[in-house]
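In the working numbering, the protein residues as written are 18 to 399. Working notes, structure below.
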Ligand code: MG
């Protein structure tokens with residue numbers, strides 16, 4: 018039995034991961050974590066009987082200890098690190114949402130654990146630092162993100178020096194045909210045409226910041242420079258991404274848009290397991306591809322600019338600014354179009370050098386957070 022710890026087990030990716038564990042077998046779930054949803058995690062504890070759990074704060078930890086006297090319960094960001102250490106998992110699934118996922122990614126790699134990564138934010142913030150650490154620890158980061166899982170699968174067993182381009186597909190989100198972004202409501206932005214996901218990533222899909230982050234994620238996962246990564250709009254979300262080789266061959270991965278397929282592969286690769294989510298190409302009839310609009314979706318431009326200036330902190334800035342701006346949008350405090358303005362402004366004003374170690378990264382996150390806070394205050398106040 019392989020020992021597995023799932024960080025963020027009550028979110029969309031977390032629940033899908035547990036569903037795969039249920040279907041596939043061969044895993045012992047030793048650790049779980051959630052932020053606030055202790056009713057859901059209580060059900061998971063009853064079903065999977067982990068020895069270690071981490072929740073968002075001490076009050077929730079006390080509640081859980083009351084319910085499960087034999088369970089070791091940690092809390093807070095430090096608790097996540099203790100959970101990774103004490104649960105002694107062979108494989109850590111990081112399905113945390115946002116910046117909070119960074120240190121658990123770092124810690125897992127530092128301890129030499131296999132890491133299945135759904136928290137793309139880790140790589141957006143500190144790709145180079147994490148890549149260096151993974152190389153030093155001799156562990157591989159296996160992507161859960163559907164596009165990156167596709168690329169990973171397309172690259173398997175191939176001559177890496179024969180790769181000419183990475184082709185990231187994007188559904189384009191709900192506003193792909195919308196001329197401008199005036200007056201978009203939270204409800205409209207939360208209705209994604211294809212994928213069922215958490216709120217943060219659904220808004221990121223609507224602004225296409227998610228795709229921008231995925232370009233940065235691909236840069237670090239597959240060690241390719243930005244000029245070799247393309248985005249193509251593919252509304253049907255069936256081709257999950259592709260790789261072009263020097264001879265002109267393009268190898269793509271296709272599947273239903275169900276996150277359980279890339280999750281299962283990250284857990285069992287190179288073995289494939291039986292899953293019931295099949296598609297019929299004949300029923301689909303046709304697949305379409307279009308160029309993305311970098312003018313309307315400035316988020317894409319910003320992401321490429323961040324990669325062009327590789328020694329800058331711009332990935333970190335975009336990640337922090339986006340997290341704060343999306344939060345304000347979800348609370349109804351700023352407009353949808355303001356998210357783009359905040360991201361542009363933050364990139365212009367808060368650019369600096371990228372720190373070379375994790376301590377520097379953490380303090381840079383703090384500096385950028387307060388900078389973005391000021392930009393947001395001005396927008397909300399004015
Ligand atoms: Mg994705």
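Don't be surprised by glycine CBs; every beta carbon is placed ideally from N, CA and C.
Pairwise C-alpha distance: residue j and residue i
i           : j           : result
residue 179 : residue 236 : 17 Å
residue 187 : residue 315 : 15 Å
residue 340 : residue 242 : 25 Å
residue 364 : residue 375 : 21 Å
residue 309 : residue 164 : 16 Å
residue 149 : residue 196 : 42 Å
residue 93  : residue 184 : 38 Å
residue 248 : residue 132 : 26 Å
residue 147 : residue 140 : 7 Å
residue 78  : residue 87  : 13 Å
residue 214 : residue 29  : 6 Å
residue 269 : residue 67  : 38 Å
residue 362 : residue 368 : 10 Å
residue 350 : residue 342 : 9 Å
residue 257 : residue 53  : 32 Å
residue 108 : residue 303 : 38 Å
residue 130 : residue 194 : 43 Å
residue 182 : residue 100 : 39 Å
residue 254 : residue 347 : 25 Å
residue 122 : residue 111 : 7 Å
residue 311 : residue 317 : 6 Å
residue 386 : residue 337 : 6 Å
residue 222 : residue 190 : 5 Å
residue 219 : residue 89  : 33 Å
residue 240 : residue 217 : 27 Å
residue 299 : residue 22  : 39 Å
residue 279 : residue 114 : 18 Å
residue 229 : residue 162 : 13 Å
residue 152 : residue 37  : 28 Å
residue 272 : residue 296 : 7 Å
Near the ligand MG: residue i beta-carbon under 6 Å from a heavy atom
i           : result
residue 222 : no
residue 57  : no
residue 163 : yes
Alpha helix (DSSP H) segment containing residue i, residue limits
i           : result
residue 289 : No alpha helix (DSSP H) contains residue 289, which DSSP labels as neither H nor E.
residue 224 : 216-224
residue 167 : 163-172
residue 62  : 55-65
residue 111 : Note, residue 111: premise wrong, no alpha helix (DSSP H); beta strand (DSSP E) at 108-111.
residue 179 : Careful: residue 179 lies outside any alpha helix (DSSP H) and carries neither H nor E.
residue 294 : Unbroken run through residue 294: none, as it is neither H nor E.
residue 393 : 375-398
residue 206 : 203-206
residue 34  : 29-41
residue 141 : 137-154
residue 193 : Run containing residue 193: none; DSSP gives neither H nor E here.
residue 80  : 75-84
Assigned exposure category for residue i - 16 Cβ within 10 Å defines buried
i           : result
residue 18  : exposed
residue 277 : buried
residue 75  : exposed
residue 294 : exposed
residue 330 : buried
residue 394 : exposed
residue 305 : exposed
residue 227 : buried
residue 323 : buried
residue 83  : exposed
residue 287 : exposed
residue 117 : buried
residue 397 : exposed
residue 264 : exposed
residue 380 : exposed
residue 233 : buried
residue 127 : buried
Residue i, enclosing beta strand (DSSP E) - first and last residue
i           : result
residue 268 : 267-271
residue 48  : 44-50
residue 259 : 256-262
residue 92  : 89-92
residue 120 : First-last for residue 120: 119-127, but that is the alpha helix (DSSP H), not the beta strand (DSSP E).
residue 21  : 19-24
residue 133 : 131-134
residue 69  : 69-72
Minimum Cβ-Cβ distance from residue i to chain D less than 7 Å
i           : result
residue 154 : Note that chain D does not occur in the displayed structure, where there is just one protein chain.
Query raised in the report: What residue ranges within the stretch 306-368 form continuous alpha helix (DSSP H) runs of no fewer than 4 residues, ordered along the chain?
Result: 315-325, 331-347, 353-366
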